[in-house]
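Trainee:
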């Protein structure tokens, strides 16, 4: 086949990723869902209470308000980078991925608002990824500072999002069905945009409108297995060592899943078919970034010669933090792929992108990374050692040196991560 320009392949890779992001448009997801499941009508003299939580909260709330009739209250909670005003709604922002005082204020605002709802009212929640940190109301006896320490430890422990949110639920007044307690006796209807692979509603934003994933005993076991129990604040250790409340019966919400990583991956596939031969490597790419990189590189090595192959994956990997650098799971995955391709002697021209559909990877301003066959050379020419930076979990510095940070800005949505690997073998 005729050799392809790396810039051409990089542009095609970005286009595929952009289609995945567009498919997760939260306003469109709400609109389509309401065609099938309209908002419930309050009873006599009742009102609607709308609460939108997460990285897609402004777009979801804006669309929802176009479909609401009658008396209502509306509260929107999102992150600072996406804190655009929504006409007709109060707007608060929390912190992500580690909660802070703003997150605490947001959680208290939700509790105060929904405590007003009565049996003839309707509570409507619009939930998207990031809600765990953006809305935080710790259990009695636990400070927001202690809750933040737990979040930071969980993020660095290399555990998956379901385990992480099981622990968070047991430390919260609103997660794991806690919002249902606050809203009672008002019925609750929820429209959920999933950022969790497998779409377990209990794990999305730590499941404010569904029953908890597990118990305090389960949360303690996870922390012990992850090796972080001894580092937890004393207040958290004490809370997780006490038995949970017995006989706690939650009302059942009407939960509607309106978008997910699966939808975005299929949109990426449709775009990719106009570019080359397509293979879905995994629609549940999870686990440690090292293992994920190996899976993707195996597929790249097996790609046929004489054509442009597009390898796609969707999921949410994890990183074991042992260093002091900056980065996120997508940046670290991209750097692992670049290093692994060099070690294996992967032939041909190739580009690999791993990006978060929310536009933010870990505690950085990058959505992820986009590397190619020349990336390591550019890093070394810039005077950095990619292997040393990778060992220090400093993927951001490595990718910045080579011009390979994927910068999109906040997208206003969040359905986990998408990976695109384009390879052209002669």
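Numbering (my numbering), first residue to last: 881 to 1306. From the three backbone atoms N, C-alpha and C, an ideal C-beta is built for every residue, glycine too. Given the structure is predicted, the values throughout are model-derived calculations rather than measurements.
(1) Excluding five sequence neighbours on each side, which residues of the same chain lie with their C-beta closer than 8 Å to the C-beta of residue 1086?
(2) Per DSSP, residue 867 is paired with what?
(3) Quick one: which unbroken beta strand (DSSP E) runs of 3-plus residues sit fully inside the stretch 901-945? Chain order, please.
(4) Cα-Cα, which of 1152, 1141, 1215 is closest to residue 1171?
(5) By Cβ distance below 6 Å, which residues in the same chain neighbour residue 1233 in space, the five residues on each side in sequence not counted?
(6) Distance, Cα to Cα, residue 1235 vs residue 1108?
(7) Classify residue 996 as buried or exposed, calling it buried when 16 or more other Cβ atoms lie within 10 Å of its own Cβ.
(8) Output the distance between the C-alpha atoms of residue 1184 and residue 901, rounded to the nearest integer angstrom.
(9) Would you kindly work out how many angstroms separate the C-alpha atoms of residue 1001 and residue 1285, rounded to a whole number?
(10) Quick check: the Cα distance between residue 959 and residue 1260, rounded to an integer number of angstroms?
(11) Give the C-beta separation of residue 1208 and residue 1166 to the nearest angstrom, bearing in mind that I take them to be a contact with Cβ-Cβ under 8 Å.
(12) From what residue to what residue does the beta strand (DSSP E) around residue 1164 run?
(13) Would you call the stretch 987-996 and the stretch 906-918 in contact, with 3 or more CB pairs under 8 Å?
(14) Taking Cβ positions, are residue 978 and residue 1031 nearer each other than 7 Å?
(15) For residue 969 and residue 920, what's the separation of their Cα atoms in angstroms?
(16) Can you check which of these residues, 1163, 1229, 1222, is closest to residue 1186 by C-alpha distance?
(17) How many whole angstroms separate the CB atoms of residue 1192 and residue 1160, which I take to be in contact at a CB cut-off of 8 Å?
(18) For a quick check, are the C-beta atoms of residue 1059 and residue 1088 less than 7 Å apart?
(19) Look at the alpha carbon of residue 998 and the alpha carbon of residue 930, and state the distance between them as a whole number of angstroms.
(20) Applying the criterion that 16 or more other CB atoms from any shown protein chain within 10 Å of the CB defines a buried residue, is residue 1043 buried or exposed?
(21) Which two residues bound the contiguous beta strand (DSSP E) that contains residue 1231?
(22) For residue 1308, count the other beta carbons within 10 Å of its own beta carbon; 16 or more makes it buried, fewer makes it exposed. Which is it?
(23) Residue 1138 and residue 1070: beta carbons closer than 7 Å?
(24) For residue 1251, write down the residues that DSSP places opposite it in a beta bridge.
(25) So, are the CB atoms of residue 1009 and residue 1294 less than 7 Å apart?
(26) Please report the distance separating the alpha-carbon of residue 1298 from that of residue 1194.
(27) Would you kindly work out how many angstroms separate the C-alpha atoms of residue 1218 and residue 1180, rounded to a whole number?
(28) Given this structure, state the Cα-to-Cα distance separating residue 1152 from residue 1144, to the nearest angstrom.
(29) May I ask you to report which of helix, strand or coil DSSP gives residue 1103?
(30) For residue 1142, which three-state DSSP category applies?
(31) Out of 1206, 966, 971, 951, which has the shortest C-alpha to C-alpha gap to residue 957?
(32) Name the one or two DSSP bridge partners that residue 1200 has.
(33) From which residue to which residue does the alpha helix (DSSP H) around residue 1297 run?
(34) Looking at residue 1140: is its Cβ nearer than 7 Å to the Cβ of residue 1074?
(35) Out of 885, 1063, 899, 1221, point me to the one whose CA is closest to residue 1146's CA.
(36) Between residue 1014 and residue 934, how many whole angstroms is the CB-CB distance? I'm expecting something under 8 Å.
Mentor: Concretely, from the data shown:
(1) Position 206 of the chain shown, counting from 1, holds the residue named residue 1086. Excluding sequence neighbours, residue 1086 sits near 1011, 1012, 1045, 1048, 1049, 1052, 1055, 1056.
(2) Residue 867 lies beyond the range of the chain shown here (881 to 1306); nothing can be said about it.
(3) With a minimum length of 3 residues, the unbroken runs of beta strand (DSSP E) contained wholly in the stretch 901-945 fall at 928-933.
(4) The residue given as residue 1171 occupies position 291 in the chain shown. Looking at the Cα atoms, 1215 is the closest of the given residues.
(5) For this step, residue 1233 is matched to residue 353 along the chain shown. Result list for residue 1233: 893, 897, 1250, 1300, in chain order.
(6) Position 355 of the chain shown, counting from 1, holds the residue named residue 1235. Position 228 of the chain shown, counting from 1, holds the residue named residue 1108. Roughly 28 Å between the two C-alpha positions.
(7) The residue you call residue 996 lines up with position 116 of the chain shown. The residue is exposed, with fewer than 16 neighbouring Cβ atoms inside 10 Å.
(8) As a working mapping, residue 1184 is identified with position 304 in the chain shown. As a working mapping, residue 901 is identified with position 21 in the chain shown. Taking the straight line from one Cα to the other gives about 28 Å.
(9) Here residue 1001 corresponds to residue number 121 of the chain shown, with the count starting at 1. Here residue 1285 corresponds to residue number 405 of the chain shown, with the count starting at 1. About 47 Å.
(10) Residue 959 sits at position 79 when you count from the first residue of the chain shown. Residue 1260 sits at position 380 when you count from the first residue of the chain shown. Computed Cα separation, rounded: 36 Å.
(11) As a position in the chain shown, residue 1208 is number 328, starting the count at 1. As a position in the chain shown, residue 1166 is number 286, starting the count at 1. About 15 Å; that fails the 8 Å criterion.
(12) Translated into positions along the chain shown, residue 1164 becomes position 284. Here the beta strand (DSSP E) through residue 1164 covers 1157-1168.
(13) no
(14) Here residue 978 corresponds to residue number 98 of the chain shown, with the count starting at 1. Here residue 1031 corresponds to residue number 151 of the chain shown, with the count starting at 1. Result yes, Cβ atoms of residue 978 and residue 1031 sit closer than 7 Å.
(15) As a first step, residue 969 is located in the chain shown; it is residue number 89 there, counting from the start. As a first step, residue 920 is located in the chain shown; it is residue number 40 there, counting from the start. Between the alpha carbons of residue 969 and residue 920 lies a distance of about 19 Å.
(16) Here residue 1186 corresponds to residue number 306 of the chain shown, with the count starting at 1. If we check each option's Cα against that of residue 1186, 1229 comes out closest.
(17) The residue labelled residue 1192 in the question sits at position 312 within the chain shown. The residue labelled residue 1160 in the question sits at position 280 within the chain shown. Contact flag correct, Cβ pair sits at about 5 Å.
(18) For the purposes of this step, residue 1059 is taken as the residue at position 179 of the chain shown. For the purposes of this step, residue 1088 is taken as the residue at position 208 of the chain shown. A contact, by the Cβ cut-off of 7 Å.
(19) The residue labelled residue 998 in the question sits at position 118 within the chain shown. The residue labelled residue 930 in the question sits at position 50 within the chain shown. Linking residue 998 to residue 930 through their CA atoms gives a straight-line distance of about 14 Å.
(20) Numbered from its first residue, the chain shown carries residue 1043 at position 163. With 16 or more other Cβ atoms within 10 Å, it is buried.
(21) The residue labelled residue 1231 in the question sits at position 351 within the chain shown. In the DSSP annotation of this structure, the continuous segment of the beta strand (DSSP E) that includes residue 1231 starts and ends at 1229-1236.
(22) For the chain, the structure presents residues 881 to 1306; residue 1308 sits outside this window and is missing.
(23) Counting from one through the chain shown, the residue named residue 1138 turns up at place 258. Counting from one through the chain shown, the residue named residue 1070 turns up at place 190. No. Outside cutoff.
(24) Numbered from its first residue, the chain shown carries residue 1251 at position 371. For residue 1251, the pairing in a beta bridge is given by DSSP as 1232.
(25) As a working mapping, residue 1009 is identified with position 129 in the chain shown. As a working mapping, residue 1294 is identified with position 414 in the chain shown. Result yes, Cβ atoms of residue 1009 and residue 1294 sit closer than 7 Å.
(26) Locating residue 1298 in the chain shown gives position 418, counting from the first residue. Locating residue 1194 in the chain shown gives position 314, counting from the first residue. Their Cα atoms are separated by approximately 5 Å.
(27) Locating residue 1218 in the chain shown gives position 338, counting from the first residue. Locating residue 1180 in the chain shown gives position 300, counting from the first residue. Taking the straight line joining both Cα atoms gives about 12 Å.
(28) Against the chain shown, residue 1152 aligns to sequence position 272. Against the chain shown, residue 1144 aligns to sequence position 264. Rounded to whole angstroms, residue 1152 to residue 1144 spans 12 Å at the Cα level.
(29) Counted from its first residue, the chain shown places residue 1103 at position 223. Helix.
(30) The residue labelled residue 1142 in the question sits at position 262 within the chain shown. Helix at residue 1142.
(31) The residue given as residue 957 occupies position 77 in the chain shown. Here the closest residue by C-alpha is 971.
(32) Position 320 of the chain shown, counted from the first residue, corresponds to residue 1200. 1037.
(33) For the purposes of this step, residue 1297 is identified with residue 417 of the chain shown, where counting begins at 1. Run containing residue 1297: none in the alpha helix (DSSP H); it sits in the beta strand (DSSP E), 1297-1304.
(34) Looking up residue 1140 in the chain shown gives position 260. Looking up residue 1074 in the chain shown gives position 194. In this structure, residue 1074 lies closer than 7 Å to residue 1140 by Cβ.
(35) Counting from 1 along the chain shown, the entry for residue 1146 is found at position 266. Among 885, 1063, 899, 1221, the Cα nearest to that of residue 1146 is on 899.
(36) In the chain shown, the residue the question calls residue 1014 occupies position 134. In the chain shown, the residue the question calls residue 934 occupies position 54. Rounded, the Cβ-Cβ distance is 7 Å, consistent with contact.
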